[in-house]
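S.K.: Numbering (the numbering used here), first residue to last: 111 to 453.
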Amino acid sequence: MIEPAIYLNCKESFHRYFQSDSGKAVTFAVNTALILPVSQHTTFVKQLSARLGFDYCGIAKAERLDEEARHLEAWLNKGYNGNMGYMERNFDLRVDPSLLVPGAHSVITLLLNYYPEENQVTEAPKISKYAYGADYHEVIREKLNEFLFEIRENIGEVNGRGFVDSAPVLERAWAKRSGIGWVGKNANLITKQSGSFFFIATLIVDLKLDYDDPFARDFCGTCTKCIDACPTEAILAPAIVDGSKCISYLTIELKDELIAPEFAGKMDNWMFGCDVCQDVCPWNRFSKPHQQEAFKPIDAVLNFTSGDWEALNEDYFKQLLQHSPIKRSKWKGIKRNIEFLKV
111 MIEPAIYLNC KESFHRYFQS DSGKAVTFAV NTALILPVSQ HTTFVKQLSA RLGFDYCGIA
171 KAERLDEEAR HLEAWLNKGY NGNMGYMERN FDLRVDPSLL VPGAHSVITL LLNYYPEENQ
231 VTEAPKISKY AYGADYHEVI REKLNEFLFE IRENIGEVNG RGFVDSAPVL ERAWAKRSGI
291 GWVGKNANLI TKQSGSFFFI ATLIVDLKLD YDDPFARDFC GTCTKCIDAC PTEAILAPAI
351 VDGSKCISYL TIELKDELIA PEFAGKMDNW MFGCDVCQDV CPWNRFSKPH QQEAFKPIDA
411 VLNFTSGDWE ALNEDYFKQL LQHSPIKRSK WKGIKRNIEF LKV
């Protein structure tokens, strides 16, 4: 007969000791993720998110996004993705987290504030606020790697993957399901406490956690400021944006193509990205400056004039903006955008 004796907490697992009839100890390694209470794991995850500097952390059950899948399919069928063909690929991966992480139980959504303390000089071609500092992909990817490392160090062997705006994940849908906020008429995630100037990151793990209640309400009400203010009329209806008309698409995603003449005089002096629909949103009156050193504005981004941008050569562009999201448009793209603003 073998009877259980005691649990000893080790770094990555419990060792459970049994005493046999012969007096010989028999040891079994048991994953701590199977032993500790779900609530304890959840508390650890929430505290870890704050320690790593994230402003919000919400958790949802990992399951197929059937309703969102229908909306995405309809949006793609209407061609609202423009030439962003990557959005048509890996459709099933976008709506089923278990295809990204086999055995997934939980989707952790994390928000990181990027609202700046100061803005560009007024006469310069405009740059979206998210691109003032270091490339958020690099900054957040490092945080997600540390997040997973800490989970494995303190909970046990957990299978998971982190994503930040560069993989087939419907971040805003998961943020809503995890209780963080709602999707506004401008299709951005909005938090009631702090507005919408946030990067969204996602962790999918095969760890069971306590799930937050989904955000059920929509606090946009009858407001249509974002719809009315969009320079290119890209917001067709609440939460439906024709991406092919969005200034962010035209200045970043369009790559080597020319911007269509129909948008001449409608760019509102935006050279890289666009913040109009967020700037006019009443909920962003609650935005507060971020505390992330990595997002501290690059001097040139804040202080370059139109003349400085026009005089910028390719070598200096690469040197100056090597760690900036602006490099995504490349020097040729920025030059194209500047020239189009003159039309």
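Virtual Cβ for every residue (Gly too), placed ideally from N, Cα, C.
Does the beta-carbon distance from G383 to T361 come in below 8 Å?
M.R.: yes
S.K.: Assign T137 to one of three DSSP states: helix, strand, or coil.
M.R.: Residue placement at T137 is flagged as unreliable, the pLDDT there being 42, under the threshold of 50; the coordinate-derived value follows with that caveat. Looking at T137 - three-state DSSP - the assignment turns out to be strand.
S.K.: Count the other CB atoms, across all protein chains shown, that sit within 10 Å of the CB of T312; report buried if there are 16 or more and exposed otherwise.
M.R.: buried
S.K.: Given a cut-off of 8 Å on the beta-carbon distance, is the pair A244 and F405 in contact?
M.R.: yes
S.K.: Just the Cα atoms here: how many angstroms apart are N269 and F259?
M.R.: So the two alpha carbons sit approximately 11 Å from each other.
S.K.: Cα separation between L422 and E367?
M.R.: Their Cα atoms are separated by approximately 21 Å.
S.K.: Are at least three pairs of beta-carbons, each pair with one atom in the segment 211 to 231 and one in the segment 164 to 174, less than 8 Å apart?
M.R.: Output reads yes: the segment 164 to 174 touches the segment 211 to 231.
S.K.: Can you tell me whether I250 is helix, strand or coil according to DSSP?
M.R.: helix
S.K.: Give every residue of the same chain whose Cβ lies closer than 6 Å to the Cβ of I261, excluding the five residues on either side of it in the sequence, and list them in chain order.
M.R.: V268
S.K.: Could you please give the first and the last residue of the uninterrupted beta strand (DSSP E) stretch that includes G294?
M.R.: No beta strand (DSSP E) contains G294, which DSSP labels as neither H nor E.
S.K.: If we call anything under 8 Å between Cβ atoms a contact, is Y225 one with S354?
M.R.: no
S.K.: Which ranges would you report for the beta strand (DSSP E) in the segment 254 to 313 if only whole runs of at least 3 residues count?
M.R.: As summarised for the segment 254 to 313, the continuous beta strand (DSSP E) elements at least 3 residues long and confined to that stretch are 270 to 273, given in chain order.
S.K.: Please return the same chain residues whose Cβ sits closer than 8 Å to the Cβ of L412, not counting the five positions on each side in sequence.
M.R.: E228, N229, Q230, V231 and Y242
S.K.: Roughly how many angstroms lie between the CA atoms of G445 and A297, to the nearest whole one?
M.R.: In the sequence as presented, Gly is not what sits at residue 445; that position holds Lys. Approximately 29 Å, taken between the alpha carbons.
S.K.: Beta carbon of V315, beta carbon of V205: below 8 Å?
M.R.: no
S.K.: May I ask which residues mark the beginning and end of the beta strand (DSSP E) holding V217?
M.R.: S216 to N223 is the span of the beta strand (DSSP E), which, as asked, contains V217.
S.K.: Short of 6 Å in beta carbon distance, which residues of its chain neighbour Q157, apart from the five on each side in sequence? Order them along the chain.
M.R.: none
S.K.: Report the residue from K437, E420, E256 and L431 whose alpha carbon sits nearest the alpha carbon of K452.
M.R.: Ranking K437, E420, E256 and L431 by Cα distance to K452 puts E420 first.
S.K.: Would A135 be called buried (16 or more neighbouring beta carbons within 10 Å of its own) or exposed?
M.R.: In this prediction, A135 has a pLDDT of 45, which is less than 50 and means its spatial position is unreliable; what the coordinates show is noted afterwards. Its Cβ having fewer than 16 others within 10 Å, A135 is exposed.
S.K.: Give the straight-line distance between the Cα atoms of P510 and K335, rounded to the nearest whole angstrom.
M.R.: Residue 510 cannot be examined here, being either before or after the span of the chain that is shown, 111 to 453.
S.K.: Which residue comes first and which comes last in the beta strand (DSSP E) that contains G168?
M.R.: Y166 to K171
S.K.: Between which two residues does the beta strand (DSSP E) carrying F454 extend?
M.R.: The structure shown has nothing for residue 454, since the chain only spans 111 to 453.
S.K.: In whole angstroms, what separates the C-alpha of N255 from that of A214?
M.R.: 18 Å
S.K.: Alpha carbons only, please: which of A234, R161, N264 and F273 is nearest the one belonging to Y246?
M.R.: F273
S.K.: Identify, in the order they occur along the chain, each residue of the same chain with its Cβ nearer than 6 Å to the Cβ of E263, setting aside the five sequence neighbours on each side.
M.R.: Around E263: no qualifying Cβ.
S.K.: One question on the structure: do T301 and I290 come within less than 8 Å of each other, judged by their Cβ atoms?
M.R.: Yes; because the gap between Cβ atoms is below 8 Å, this pair is in contact.
S.K.: For R174, decide whether its Cβ has a neighbour in chain C, counting only Cβ atoms nearer than 8 Å.
M.R.: No chain C is part of this structure, which consists of one protein chain only.
S.K.: Just reading off the alpha helix (DSSP H) that L451 is part of, what are its end residues?
M.R.: K440 to L451
S.K.: Starting from W185, trace the beta strand (DSSP E) in both directions and tell me its first and last residue.
M.R.: Per DSSP, W185 is not a residue of any beta strand (DSSP E); the alpha helix (DSSP H) it occupies stretches across D176 to N187.
S.K.: Where do the ends of the beta strand (DSSP E) carrying F382 lie?
M.R.: Residues W380 to F382.
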